[in-house]
Structure formats: structure tokens, C-alpha cells
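Visitor: Each residue of the sequence shown is one higher than the last, beginning at 9 in my numbering.
We put the CB at the ideal spot given by N, CA and C, even for glycine.
Sharing a structure with you now.
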Amino acid sequence: MDFAGITAVYGRPGAGKTVFAARMAHRRLSAGERVLWATFYEDRQTLVDAMARLGYDLSGAEVWEAVLTDPTSTFNQLSHIVSHSPPNLLVLDSITQLQGIDVRANVTNLIYRAFKFAGIDAVIVSEEPVGALGHIADNLVRLSLEIAPRGVAVSAPTWRSPGEGRPGTSRSSR
Numbered sequence: 009m010d011f012a013g014i015t016a017v018y019g020r021p022g023a024g025k026t027v028f029a030a031r032m033a034h035r036r037l038s039a040g041e042r043v044l045w046a047t048f049y050e051d052r053q054t055l056v057d058a059m060a061r062l063g064y065d066l067s068g069a070e071v072w073e074a075v076l077t078d079p080t081s082t083f084n085q086l087s088h089i090v091s092h093s094p095p096n097l098l099v100l101d102s103i104t105q106l107q108g109i110d111v112r113a114n115v116t117n118l119i120y121r122a123f124k125f126a127g128i129d130a131v132i133v134s135e136e137p138v139g140a141l142g143h144i145a146d147n148l149v150r151l152s153l154e155i156a157p158r159g160v161a162v163s164a165p166t167w168r169s170p171g172e173g174r175p176g177t178s179r180s181s182r
């Protein structure tokens, strides 16, 4: 699966949101594209090592560690980076870590104005609910992880793109 435009990936902790984004980034890197991964949670080496264990090589990605920064300077810096050297794919993992900011005024404004108009594909990872981000995203991907009888994990991704059926409907990959 690869999506164009702004893709919001959301779900509960442990559902596979970062792995989903890593799969897209791995494909883009394999195609020779530039990937910028902004992590608000873990350092570069932890991310690269964890994804390598799952078969996704992110060693060629530029990883910007935005851990322990204030949201305003984070968005200003990110906007500067993207406007001066735009990547083919930008991953924001996870905007949930930016609690306490006005998501509508900051995240959606930055994404809509900076990324959409620049033609940058972006994957924005968030825990539920997706909120205001859902109004500007081109694609919504909801990941859920259910534990079936006997402890077997069952992943159930669903996605929606604008113009597909009635509003609020989703398509399942199963």
C-alpha cells in the first residue's frame, strides 16, 4: 500500500502505526526517493534498529529527532526544513506526543499550507481520535489490533480516501 498526499494513520498504542509508516518509507527509499522522518518519541538509532528487525531498512532516511522540544519551535523548524529541502515523503511520528498544543491551529495549518501546496506526501501518525487532522487528510488509515482466542493478534486496517462512496464509509484490506 502506498498513498499520495496527506495520510493520517491512527489507532491505539501497539496497533502498528509506526510500522505502517515504516513500510511506506522503506518502499520510497528503495525507489531512490528522499524520506524525512520527524520523530517526537524515539531517537534515530532506536527507530532504525526496531524497523530493521521487522525487515524495513530506514537507514537511508533523514531522521529528525524532535524529542523534548516545544511545539512552536518544532513547527517552525519543520516548516523551515521542508520549505528549503522538500522530501518526497515526510513522516511525523507521532503528533500525539505534542499534547497541550492547539492541533487545529498548528498541525493542520502547517500540514495544509506547507505540505499540500508543496506537493509533499506525508504520513502523520496519531492515536485516536484523529480529530481535526481528518478534515485535511487525503487518506485516513485506522489500525486496530485485536487479540483472538488463544492469544493470536489480528490486525484490521481500514482506510478511506475522499470520493470513495458515502462519507464515513471505509474500505478494509481484508
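If you draw a straight line from the alpha carbon of Ala23 to that of Ile155, how long is it in whole angstroms?
Guide: Taking the straight line joining both Cα atoms gives about 11 Å.
Visitor: Do Ala122 and Thr15 have their beta-carbon atoms positioned less than 8 Å apart in this structure?
Guide: No; because the gap between Cβ atoms is not below 8 Å, this pair is not in contact.
Visitor: In the DSSP output, what is Ile132 paired with across the bridge?
Guide: Answer is Ala16 and Leu100, bridged to Ile132.
Visitor: Considering only the alpha carbon of each residue, which of Asp101, Ser93 and His143 lies closest to Asn117?
Guide: Taking only the C-alpha atoms, the option nearest Asn117 is His143.
Visitor: Who are the Cβ neighbours of Lys124 in its own chain at under 8 Å, not counting the five residues just before and after it?
Guide: Hits under 8 Å: Gly13, Ile14 and Ile144.
Visitor: Here's a check: name, in chain order, each residue in its chain whose Cβ is nearer than 8 Å to the Cβ of Val27, leaving out the five neighbours to either side.
Guide: Taken in chain order, the residues that qualify are Met59, Leu62 and Tyr64.
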